[in-house]
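Using the UniProt record's numbering, read the sequence shown as starting at 1 and increasing by one per residue.
Using N, Cα and C, we set each Cβ at its ideal position, and we do this for glycine too.
Keep in mind the model is a prediction, meaning the values are calculated, not measured.
For reference, the structure discussed in these notes is given below.
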Amino acid sequence: FTLYTKAVNKEKEGQKALDDYKKRIEGMKEKLGDKLNSKVSIIRFVPGDVRIYQKNSFSGVVLNDIGFKRPPLQDKDDFAIKGITKEQIPNMDGDYLFY
Numbered sequence: 001f002t003l004y005t006k007a008v009n010k011e012k013e014g015q016k017a018l019d020d021y022k023k024r025i026e027g028m029k030e031k032l033g034d035k036l037n038s039k040v041s042i043i044r045f046v047p048g049d050v051r052i053y054q055k056n057s058f059s060g061v062v063l064n065d066i067g068f069k070r071p072p073l074q075d076k077d078d079f080a081i082k083g084i085t086k087e088q089i090p091n092m093d094g095d096y097l098f099y
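Here's what the structure looks like:
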């Protein structure tokens, strides 16, 4: 993000956006309290594919910043597990499921 803001000469605006993001994340952490001990799964259904998103996806980064835990299979520094079959549905095993 900072690389892009520098490239378009918007570093000041970019820093403000990052500061606002961090402030919002801290507010969420306060409000969520003990719920942050819950495990969260992120699933995406796209034509012809089902994906389980891991930590290096956009949503994975945000959940990590907030402090949510991830089930072991999803707690990896990868983008996503693609091509999920019905036999792999049990791998969508978070306490909360976002899709």
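Contact set for residue i: own chain, Cβ-Cβ below 6 Å, skip 5 residues either direction
i, result
"Tyr53", "Ile42, Ser59, Gly60, Ala80"
Cβ distance (whole Å) where residue i is taken to contact residue j below 8 Å
i, j, result
"residue 108", "Lys39", "With the chain represented from 1 up to 99, any question about residue 108 goes unanswered, as that position is not in the structure."
"Gly27", "Asp49", "Not a contact, Cβ separation roughly 35 Å."
"residue 100", "Gly67", "Lying outside 1 to 99, the shown extent of the chain, residue 100 is not represented and no answer is given."
"Lys55", "Asp75", "7 Å"
Beta-carbon proximity list for residue i, same chain, < 7 Å, skipping 5 on both sides
i, result
"Leu97", "Ser41, Ile43"
"Leu73", "Asn91"
Span separating the alpha-carbon of residue i from that of residue j
i, j, result
"Arg70", "Thr5", "31 Å"
"Glu87", "Leu63", "26 Å"
8 Å CB neighbourhood of residue i in its chain, flanking five on each side removed
i, result
"Ser57", "Ile42, Phe79, Ala80"
Could you name each continuous alpha helix (DSSP H) segment of 4 residues or more that falls completely within the region 7–87, going from the start of the chain to the end? Fully enclosed alpha helix (DSSP H) runs of no fewer than 4 residues occupy 11–32, 58–66 of the region 7–87, in order along the chain.
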